[in-house]
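**Q**
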Amino acid sequence: MDMVAFSGCTEGCNEEEIEETTKMRYAYPWWKEKEIDSEKKRKAGLCPLTPEETALALRALDIDPNIQVYIAAGDIYRAERRMAPLKEAFPNLVKKETLVEASDLVPFQNHSNQMAALDYYASIDSDIFVPTYGGNMAKVVEGHRRYLGYKKTILLDRRVLVDLIDQYNNGTLSWNQFSVKSEGCSCRPHGKPYYKIGGSRKTQRRRLLLYKPSGVFATC
Numbered sequence: 063m064d065m066v067a068f069s070g071c072t073e074g075c076n077e078e079e080i081e082e083t084t085k086m087r088y089a090y091p092w093w094k095e096k097e098i099d100s101e102k103k104r105k106a107g108l109c110p111l112t113p114e115e116t117a118l119a120l121r122a123l124d125i126d127p128n129i130q131v132y133i134a135a136g137d138i139y140r141a142e143r144r145m146a147p148l149k150e151a152f153p154n155l156v157k158k159e160t161l162v163e164a165s166d167l168v169p170f171q172n173h174s175n176q177m178a179a180l181d182y183y184a185s186i187d188s189d190i191f192v193p194t195y196g197g198n199m200a201k202v203v204e205g206h207r208r209y210l211g212y213k214k215t216i217l218l219d220r221r222v223l224v225d226l227i228d229q230y231n232n233g234t235l236s237w238n239q240f241s242v243k244s245e246g247c248s249c250r251p252h253g254k255p256y257y258k259i260g261g262s263r264k265t266q267r268r269r270l271l272l273y274k275p276s277g278v279f280a281t282c
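Just add 62 to the spot in the sequence shown (first one is 1) and you have the numbering used here.
1) On the three-state DSSP scale, how would you describe V242?
2) Quick one: what does DSSP say P251 is sitting in, helix, strand or coil?
3) Kindly provide the ranges of any alpha helix (DSSP H) runs that are 4 or more residues long and lie completely inside the stretch 119 to 207, ordered along the chain.
4) Any idea what DSSP makes of T72, helix, strand or coil?
5) Tell me T215's beta-bridge partners as DSSP assigns them.
6) Residues in the same chain with beta-carbon distance under 7 Å from S241, minus the five sequence neighbours each way, listed in chain order, please.
7) Determine the direct distance from the alpha carbon of D228 to that of R220, and round the result to whole angstroms.
8) Leaving out five residues on either side along the sequence, give the residues of the same chain with a beta carbon under 7 Å from the beta carbon of Y132.
9) Can you tell me whether P110 is helix, strand or coil according to DSSP?
10) Around the C-beta of L217, are 16 or more other C-beta atoms found within 10 angstroms, so that it is buried, or is it exposed?
11) With a cut-off of 8 Å, do at least 3 Cβ pairs link the stretch 63 to 80 to the stretch 134 to 141?
12) Buried or exposed: where does T287 fall if 16 or more other Cβ atoms within 10 Å of its Cβ makes it buried?
13) Put S236 into one of helix, strand or coil per three-state DSSP.
14) If you draw a straight line from the alpha carbon of C75 to that of I125, how long is it in whole angstroms?
15) Alpha carbon to alpha carbon, how far is Y88 from L210? Give it in angstroms, no decimals.
16) For a test of the three-state rule: what should DSSP assign to A89, helix, strand or coil?
17) Going by beta-carbon coordinates alone, are V203 and I186 separated by less than 9 Å?
18) Could you check what DSSP says for D99 in three-state terms: helix, strand or coil?
19) Just tell me which of G246, D225, C247 has its CA closest to the CA of A106.
20) If we call anything under 9 Å between Cβ atoms a contact, is T234 one with T116?
Shown next, in the form of structure tokens:
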């Protein structure tokens, strides 16, 4: 709930939920940003994708609906209602609480960083990693997966994607059009190395040192 409250990203929330999260934001005097235009922030690509938006994006990218989808997150605000569209599209939805016995999680409970570490390890070991928000953890996971050897990571351009989703929802785009255009929302190659071309010899050498020292690192 605190993430929704402090980010001000209320897409998909009903009026009661918007009022509840707004009150929470105002209840903390140390939180400076009180007035937040949720729609403007979302249009700028600054909000996490909602479960419904995530489901549409994954379907458009032709992700197998039978694949196991691990939710690397803490408690989700109004989870039963909010997660329903994603669970309908991808029934094999799991999280750490459903994969292990409750007793196994006891040592980690009340330690949010340790709980996040469990999500981190699941994320770096997954076949595909799709961050719905560009936070610090997503960036570190992406980098770690590159280091491990070109693991497939799909980075979505949220600013472009939410506009396409709105066009699809209002009937401006057909599903086929939305699906094709969504393919272009992945802003980087998916887990594959590629050559950097152009620029001076000095620039090329700098790129080589930054992106592929001793053949260990590569852009993806």
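Ideal Cβ placement from N, Cα and C applies to all residues, glycine included.
**A** Judging by the given coordinates:
1) Mapped onto the sequence shown, residue 242 falls at position 180. Assignment of V242 by DSSP, reduced to helix, strand and coil, places it in the helix class.
2) Numbered from 1 along the sequence shown, position 189 holds the residue referred to as residue 251. Residue placement at P251 is flagged as unreliable, the pLDDT there being 47, under the threshold of 50; the coordinate-derived value follows with that caveat. It is coil, neither helix nor strand.
3) 141 to 144, 146 to 151, 158 to 161, 164 to 167, 174 to 186
4) If you number the sequence shown from 1, residue 72 lands on position 10. Reduced to three states, the DSSP call for T72 is coil.
5) As a first step, residue 215 must be located in the sequence shown, where it is residue number 153. The secondary-structure analysis by DSSP pairs T215 across a beta bridge with F191.
6) Here residue 241 refers to the residue found at position 179 of the sequence shown. Excluding positions up to five away in sequence, the list reads A122.
7) Walking along the sequence shown from the start, residue 220 turns up at place 158. Walking along the sequence shown from the start, residue 228 turns up at place 166. Taking the straight line joining both Cα atoms gives about 12 Å.
8) Stepping through the sequence shown from its first residue, residue 132 is reached at position 70. For Y132, where only same-chain residues beyond five positions count, the Cβ hits under 7 Å are V156, K157, A184, S188.
9) Mapped onto the sequence shown, residue 110 falls at position 48. Correct three-state label for P110: coil.
10) Counting from one through the sequence shown, the residue named residue 217 turns up at place 155. L217 comes out buried.
11) Touching, per the Cβ criterion.
12) Residue 287 is absent from the structure shown; the chain starts at 63 and stops at 282.
13) Position 174 of the sequence shown, counting from 1, holds the residue named residue 236. S236 falls in the coil class under three-state DSSP.
14) On the sequence shown, residue 75 is found 13 positions in, with the first residue counted as 1. On the sequence shown, residue 125 is found 63 positions in, with the first residue counted as 1. Going from the Cα of C75 to the Cα of I125 covers about 26 Å.
15) On the sequence shown, residue 210 is found 148 positions in, with the first residue counted as 1. On the sequence shown, residue 88 is found 26 positions in, with the first residue counted as 1. Whole-angstrom Cα-Cα distance: 43 Å.
16) Numbered from 1 along the sequence shown, position 27 holds the residue referred to as residue 89. Coil.
17) Start at 1 with the first residue of the sequence shown, and residue 203 comes out as number 141. Start at 1 with the first residue of the sequence shown, and residue 186 comes out as number 124. Closer than 9 Å, so yes.
18) On the sequence shown, residue 99 is found 37 positions in, with the first residue counted as 1. Reduced to three states, the DSSP call for D99 is coil.
19) Here residue 106 refers to the residue found at position 44 when the sequence shown is read from its first residue. The residue with the shortest Cα to Cα distance from A106 is D225.
20) On the sequence shown, position 172 is the one that residue 234 refers to. On the sequence shown, position 54 is the one that residue 116 refers to. Remark: C-beta atoms of T234 and T116 do not approach each other more closely than 9 Å.
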